[in-house]
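A.B. asks: The sequence shown begins at 292 in the numbering used here and counts up one residue at a time.
Where is the CB? At the ideal position from N, CA and C, for every residue including glycine.
Just so we're clear, the structure is a prediction, and the values are computed from it rather than from any experiment.
Would you mind keeping the following structure in view while I ask a few things?
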Amino acid sequence: RTCPGRLVCPDDYWWLSPACRQNSSTCVPFITGGDGWLLEHAVQRALAYSMPLAVGVSASWGHYLDNTADYDIMFYSWEPALHLIDVSPTMVQYPLNNPEQHLVGNRQTLDKMVALQKFVAKGMSKKSPGVFHFVSSLDLGMSAIMAALQDKKQATDGTAAVACRWIKSNAALVEPWLQTMKCPEGQGMIDISSGMETSNPFQFLASHDDAAGCTQCTPGRFSTPYRHNCSEGGSCFESRTCEKCQPGRAQPRYMQDACDVCEAGTYQNDYSATACSTCGVGTYTDHVGASVCVQCGANKTTEKNFATMKKVLVGGSLRWAFKDATADNTSCGCSSDYMEVDGECIACTTGLDCPGMGDIVVQPSFFAPASNPSSVFRCYGSDQKRCPGGEPGTCATGRRTSSVACSLCELGLKAGEKGTCVTCSGGDSLPLVIACLVGLLVLIVFYTVVDTSNPVATSSALLLVAIAGSQMCTLLQQLSVFGSIDLTWEAPFDAMLEFLALFTFKLDYLSLDCLGELTPLTMYLGRVFMVVIFLVVMVLVHISTVLIRHKGEFMDRMPSLTGSVGMVFSAFFISIVSSMTSPFMCLSHPNSMETVRDYPDVICWRWTTHDSRHMDMILAGSFAVIMPLGFVTGVICVICKLPAKLMGGDTRFLKTFRFLFFRFRPGCYWYVVVFVMRSLLMAIVPALGMQMLQIMALQFILLPALGITIGFMPWSLKAANAMDIASTMLLCMLVIVFALFVDDSNIDPEAMATLCVILVSVGFAVLVLGIGYGIVQKFLRSGRPFGYFICHHKLGAGNFARLLKIGLQQTPALKKKVFVDSDDLSDLSNLFGYVGSDTDTLVVLCSKEILTRPWCMGEVCTARMSGTLVVRVALPDFQWPDESFIEQYEERVPDVRTLTAYGMSTELIQESVRWLEKRPTVVFPEQVSALALKGLIDRLLVCKSFGEGAVETVTGNLVATMSSAIKKDGKYAILADSTTMEAACTALVVQKLLAPQMDDPPIVLQQDDTLLPSAKQICLICSNGVFHTAHVVGALAIAAQRNLSVLPLVSEPSFRFPTKDMIHEIAASSPLLLQQCGVEMSGSTFALVVVRIFKEIAIEVNPQDTEEVLAMRTKAVRMRLMGGSVQPLGIDLKQEAKPLAADDTLGNMTTPDWDKEFQ
292 RTCPGRLVCP DDYWWLSPAC RQNSSTCVPF ITGGDGWLLE HAVQRALAYS
342 MPLAVGVSAS WGHYLDNTAD YDIMFYSWEP ALHLIDVSPT MVQYPLNNPE
392 QHLVGNRQTL DKMVALQKFV AKGMSKKSPG VFHFVSSLDL GMSAIMAALQ
442 DKKQATDGTA AVACRWIKSN AALVEPWLQT MKCPEGQGMI DISSGMETSN
492 PFQFLASHDD AAGCTQCTPG RFSTPYRHNC SEGGSCFESR TCEKCQPGRA
542 QPRYMQDACD VCEAGTYQND YSATACSTCG VGTYTDHVGA SVCVQCGANK
592 TTEKNFATMK KVLVGGSLRW AFKDATADNT SCGCSSDYME VDGECIACTT
642 GLDCPGMGDI VVQPSFFAPA SNPSSVFRCY GSDQKRCPGG EPGTCATGRR
692 TSSVACSLCE LGLKAGEKGT CVTCSGGDSL PLVIACLVGL LVLIVFYTVV
742 DTSNPVATSS ALLLVAIAGS QMCTLLQQLS VFGSIDLTWE APFDAMLEFL
792 ALFTFKLDYL SLDCLGELTP LTMYLGRVFM VVIFLVVMVL VHISTVLIRH
842 KGEFMDRMPS LTGSVGMVFS AFFISIVSSM TSPFMCLSHP NSMETVRDYP
892 DVICWRWTTH DSRHMDMILA GSFAVIMPLG FVTGVICVIC KLPAKLMGGD
942 TRFLKTFRFL FFRFRPGCYW YVVVFVMRSL LMAIVPALGM QMLQIMALQF
992 ILLPALGITI GFMPWSLKAA NAMDIASTML LCMLVIVFAL FVDDSNIDPE
1042 AMATLCVILV SVGFAVLVLG IGYGIVQKFL RSGRPFGYFI CHHKLGAGNF
1092 ARLLKIGLQQ TPALKKKVFV DSDDLSDLSN LFGYVGSDTD TLVVLCSKEI
1142 LTRPWCMGEV CTARMSGTLV VRVALPDFQW PDESFIEQYE ERVPDVRTLT
1192 AYGMSTELIQ ESVRWLEKRP TVVFPEQVSA LALKGLIDRL LVCKSFGEGA
1242 VETVTGNLVA TMSSAIKKDG KYAILADSTT MEAACTALVV QKLLAPQMDD
1292 PPIVLQQDDT LLPSAKQICL ICSNGVFHTA HVVGALAIAA QRNLSVLPLV
1342 SEPSFRFPTK DMIHEIAASS PLLLQQCGVE MSGSTFALVV VRIFKEIAIE
1392 VNPQDTEEVL AMRTKAVRMR LMGGSVQPLG IDLKQEAKPL AADDTLGNMT
1442 TPDWDKEFQ
């Protein structure tokens, strides 16, 4: 390394003195260490004494030690030093120290020798005077020190052991010190040979054998006299020792002669303690000097639940707080959240607050009897404030503390506001009186409706009101089931559920307490057998009605009694079952007991000699449940018998059980079983107990019922199906909300309550709207929507009915719609509703078989019962039957039994047929003409002025009328068999439907018309026998001669397209018809014309189809005519085919090739 200062190192490591600078190999190495210890001294001395030195500084302490040990060199060092043990160096002697020279920086002489010093800890002379004296008098030579260092280097047991061995090997030096170790008060003998390298470099001794000095007694010890060999005549040694404090004592200070005794409430279980520990919470000591604390509740099974407590002032009130350092057992007791039961501390029960020391505070809405505070009841219901909480045995004002959960009022009091009981007053019987009057009124209304209603005359509007009302009644009861689920709700939903409880026949709201003391069993029996009371009252109403209105015809009016009773059961079935099964609906309490939900003073499943109320209620309920089960069984039996009764036309059976069927459409009467079973299952859901189980059961009941309703649409009205689906879906949503509310603290109760109110309100709104709509339709609408309902036999007058409807609709004087039943065939049962409720006049088209059609006669019967005006239109083929036909009507028309499902018996149909004979009649002529049609319409417009049995005759000529109405130079013509009424009507229908769509509407060719020269295309109305009519054959022959286009329109489903045999027949019969028309053409050529006509794709145009279908078909006709897609007949009359021989077949013809034509 480079020498510091002005020194120059030739090799950057060694400074060479002048004595050997010319020959460095003669230089003696001199090294020092550190940052150049005494470097300046060595340089000055080398210069002064011409010493051949090479001076250097070791790079590290390790290099320094290695160099001094491995080489014979000069080096700087000191002694005594541990690293000189193995080197054994010889000190270079320089002149003695000259202080004056050293002051001016001349280091040629020796440095001043530094003497070895002895150091002791501050205060050692007082704390350990023996040790201080020993160290002070200690005088060791360098050889002794180096010998100790030699031991240190070789030893492996540390410095303290080396020092101890040295002292023991130099006893002559130690003995004078030992003879002076007489420790003063507050001190004790110690041994400094152990722990010398720790924070406590000595240990106290109990004897003087290893004593090395005295020191003050530390905390946890006390100074006590020590005497050795002080017997008489002996050499006595007296001193003091520092003894440990015994358990139960402690010493926090130095130099003390005694330990302090632990006070009561504290303890110390260890030796040498500096302080006594306080007894922890739950322990105590009642004497001083305790080494352990006594556990409160020792030897108890719940020992860990005991604590020591005291009352402290917090916020102006005294409260229990945990206490330690307890000096007696009076502060022992149960810890907070625990209560004392039979000397044990058990966990505080739900509904109680246990602040500590056995104190119990009952929470609001809970009750605990004073005699057994650990038995806690929850106060269910809407009057939970009857249990205000506080001290056990506390109830609201006027409540019996001896009753379960404060459920009963004191004698002479009734339930008041905020859970209290108030004194009964004179007006307390008014709710009972009003309830009886309302119940009586409801029963009278039910009976009157059943007794006087006529299913045939009932309008759809009233039926909608009745169905919506029944659905609302059911919904109210279903929601009361939801209210039975044990969930706590916020306002306003809680008030809504409380109101809905009225629909389960609960008698709590009638102030019955003012009538005297009524036991729960009495209340239950009154509630259950209220149904029996209803039945008795209904029988009395029935007897009174039969005697007053029906002159004692009890047997004939028995269906009214059965129907009214059944309607009561059906309307309130859920409430009836819920009231009867209420003993099985138990609510659990924190004390593991259960009480009946509707009778909270009755403990469930307790059957003792002192309390058998629940057993009595179960027995009574088991007997009473026979009634709803019998009702369900009866409903199933009725449904099973229904098909046979319908086939047999048993109208008495249907009237008796009409309360089951009137809401549902035919074919879906089985749905009443689904409806009743749904109600039965929902009624028993509250008996399941667990909240989640109840909610799951409700969803399992509602979802299948909803699916069945959507799939089958069983209600008799579309609006009723929609209302049922909507209300059931809202109930399903309500179930989901209930499920979210079970044991979930993250749900906002107010928001959920509001959502429930919204869902319930929407459900009620849907039903109220349905009722309102029905009332408006029945009483408030301006008039019936249909001016005329055309009743007809489809095969006999279907086309004529369509023509009449079009004619009526095109009459400016008629502002209302006209209905033909073929326009709405989705549900035939709706037709009776249209006739009875929505039609001014029923027009009966009396064709040949009209009286044999059950649906037509059902429409007539409905019109008769509902007072709808009826007018007959006698068609040419109609003849009124004799009385024998009416008498044997069921044999002549077996299908009349199908009307039994709609409340129409055979007798009622027979009476309606006789009644129809006396209705006003308009006789229609044989020939269908526009003039006749107009005359018929004119008479129908004034039919209200006709007297009973009046007969009006219509006359007119079609040709004259059509000639004046339609131009004769049109390009399009319609050809039909005008000798057949239905075919002629079809032609007129097509013409009337095409006229608004075409600028050049087609004309209808009648029997005496000829095909005009301007005609280009012909629409042929294809009906049976059309090719055997003279004017049709003549017109088609002329069309072939002019090479016109012919579009076939099929008007009858029974029409058969020509086969080879039929073509053969046409070829044989057509010559005579062509001769009658004055057209020259052979039969075989005309047969070819027919074949060519059906080369075109025919369009079906059946007037008996709905208006929508007819509009679509006539649009297709217009597009074919105006689009030019209909090809001309293209027959070459110059090569007219030869006449057919009698044995010829179309397959043998070669002129032209009939096989090829007919493919």
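1) Just how far apart, CA to CA, sit C300 and C318?
2) Out of V1245, M1020, T1045, point me to the one whose CA is closest to Q782's CA.
3) Is the beta carbon of C567 sitting closer than 8 Å to the one on C550?
4) Along the chain, where does the beta strand (DSSP E) that runs through A1267 open and close?
5) Could you give the DSSP three-state label for S1254: helix, strand or coil?
6) What does the Cβ neighbour count give for S308, buried or exposed, with the cut at 16 atoms within 10 Å?
7) Leaving aside the five residues before and after V1417 along the sequence, list all residues of the same chain whose C-beta is less than 8 Å from its C-beta, in chain order.
8) Expressed to the nearest angstrom, what Euclidean distance is found between the alpha-carbon atoms of S1203 and T1197?
9) Quick one: what's L307 bridged to in DSSP?
10) On the three-state DSSP scale, how would you describe S1453?
11) S608 by DSSP, collapsed to three states: which one?
12) Run through the DSSP bridge pairs and tell me what Y671 is partnered with.
13) On the CB-based measure, 16 or more other CB atoms within 10 Å of its CB, does K1429 come out buried or exposed?
14) Exposed or buried, D281, counting other C-beta atoms within 10 Å across all chains shown (16 or more means buried)?
15) Leaving aside the five residues before and after Y815 along the sequence, list all residues of the same chain whose C-beta is less than 6 Å from its C-beta, in chain order.
16) Three or more C-beta pairs closer than 8 Å, one from the segment 529-539 and one from the segment 576-585: is that the case here?
17) For L1136, which three-state DSSP category applies?
18) For my contact list, C727 and A696 are in at a C-beta cut-off of 8 Å; report their separation, rounded to the angstrom.
19) By a C-beta neighbour count over all protein chains shown, 10 Å radius and 16 as the cutoff for buried, is K595 buried or exposed?
20) Quick one: any contact between the segment 1162-1181 and the segment 923-936, if contact means 3 or more CB pairs under 8 Å?
21) Provide the residue span of the alpha helix (DSSP H) that contains K936, from first to last.
22) Buried or exposed for T576, please, with buried defined as at least 16 other CB atoms from any protein chain shown within 10 angstroms of its CB.
23) Contact between the segment 1086-1102 and the segment 1127-1138: three or more CB pairs below 8 Å?
24) Report all residues from its chain with a CB closer than 6 Å to the CB of A1256; omit the five preceding and five following residues, and keep chain order.
25) Where do the N-terminal and C-terminal ends of the beta strand (DSSP E) with V319 fall, by residue?
26) Should G1415 be flagged as near chain D, meaning a C-beta pair shorter than 8 Å?
27) Are the Cβ atoms of T685 and V736 separated by less than 8 Å?
28) Which of the three DSSP states, helix, strand or coil, is assigned to I481?
29) By Cβ distance, which residues of its chain are closer than 8 Å to K403, with the 5 residues on each side in sequence left out?
30) So what does S627 bridge to, in DSSP terms?
31) In terms of residues, what are the limits of the beta strand (DSSP E) holding I1177?
32) Candidates G347, P1304, P646, A1010: which alpha carbon is nearest L609's?
33) Going by beta carbon distance, what residues of the same chain come within less than 6 Å of Q1298, once the five residues before and after it are set aside?
34) For C715, which residues from the same chain have a beta carbon less than 8 Å from its beta carbon, with the 5 sequence-adjacent residues on both sides left out?
35) Would you identify the three-state DSSP class for A598, choosing helix, strand or coil?
36) Taking only the alpha-carbon atoms, compute the straight-line gap between G707 and E701 and give it to the nearest angstrom.
C.D. replies: Walking through what the data contain:
1) Taking the straight line from one Cα to the other gives about 14 Å.
2) The sequence as given places Ala at residue 782; Gln does not occur at that position. Each of V1245, M1020, T1045 was checked against the Cα of A782, and the nearest Cα belongs to T1045.
3) For C567 and C550, no; Cβs fall outside 8 Å.
4) Where A1267 is concerned, there is no enclosing beta strand (DSSP E), given that its DSSP letter is neither H nor E.
5) At S1254 the pLDDT is 35, less than 50, meaning the model places this residue with poor confidence and gives no usable figure here.
6) Flag for S308 reads buried.
7) For V1417, the CB contacts under 8 Å within the same chain, skipping 5 residues up- and downstream, are Q1308, S1336, V1337, L1338, E1387, R1411 in chain order.
8) Put simply, the backbone Cα of S1203 is about 10 Å away from that of T1197.
9) L307 is bridged by DSSP to A345.
10) This structure gives no information on residue 1453, because the portion of the chain shown stretches from 292 to 1450.
11) Assignment of S608 by DSSP, reduced to helix, strand and coil, places it in the strand class.
12) DSSP output for Y671 lists no bridge partner at all.
13) Here K1429 scores only 46 on pLDDT, less than 50, and its place in the model is too uncertain to base an answer on.
14) Residue 281 lies beyond the range of the chain shown here (292 to 1450); nothing can be said about it.
15) If you ignore the 5 residues before and after Y815, its C-beta comes within less than 6 Å of the C-beta of M908, all in its own chain and listed in chain order.
16) Contact between the segment 529-539 and the segment 576-585 is present, because at least three Cβ pairs lie under 8 Å.
17) In the structure shown, L1136 falls within a strand segment according to DSSP collapsed to helix, strand and coil.
18) The Cβ separation is near 30 Å, so there is no contact.
19) Classification for K595: exposed.
20) Touching, no, given that fewer than three Cβ pairs across the two stretches are closer than 8 Å.
21) Per DSSP, K936 belongs to the alpha helix (DSSP H) from 917-939.
22) Buried, by the Cβ-count rule.
23) Per the Cβ contact rule, the segment 1086-1102 is in contact with the segment 1127-1138 (3 or more Cβ pairs under 8 Å).
24) Only weak support is given to the placement of A1256: the predicted model assigns it a pLDDT of 43, under 50, and the value that follows is read from those uncertain coordinates. Excluding positions up to five away in sequence, the list is empty.
25) In the DSSP assignment, V319 falls within the unbroken beta strand (DSSP E) covering 319-323.
26) In the displayed structure, chain D is absent; only one protein chain is listed.
27) The answer is no: Cβ separation not under 8 Å.
28) Strand at I481.
29) Non-local beta-carbon contacts of K403 in its own chain, meaning distances under 8 Å to residues more than five positions away in sequence, involve N388, P390, H393 in chain order.
30) DSSP lists no partner for S627.
31) For I1177, there is no enclosing beta strand (DSSP E); the residue is part of the alpha helix (DSSP H) that begins and ends at 1174-1178.
32) When G347, P1304, P646, A1010 are compared, the shortest CA-CA separation from L609 is found for P646.
33) S1269, H1322, listed in sequence order.
34) Closer than 8 Å at the Cβ level, and outside the excluded window around C715, lie G703, L704, K705, S802, D804, C805.
35) A598 falls in the strand class under three-state DSSP.
36) Cα atoms of G707 and E701: separation of roughly 12 Å, rounded to the nearest angstrom.
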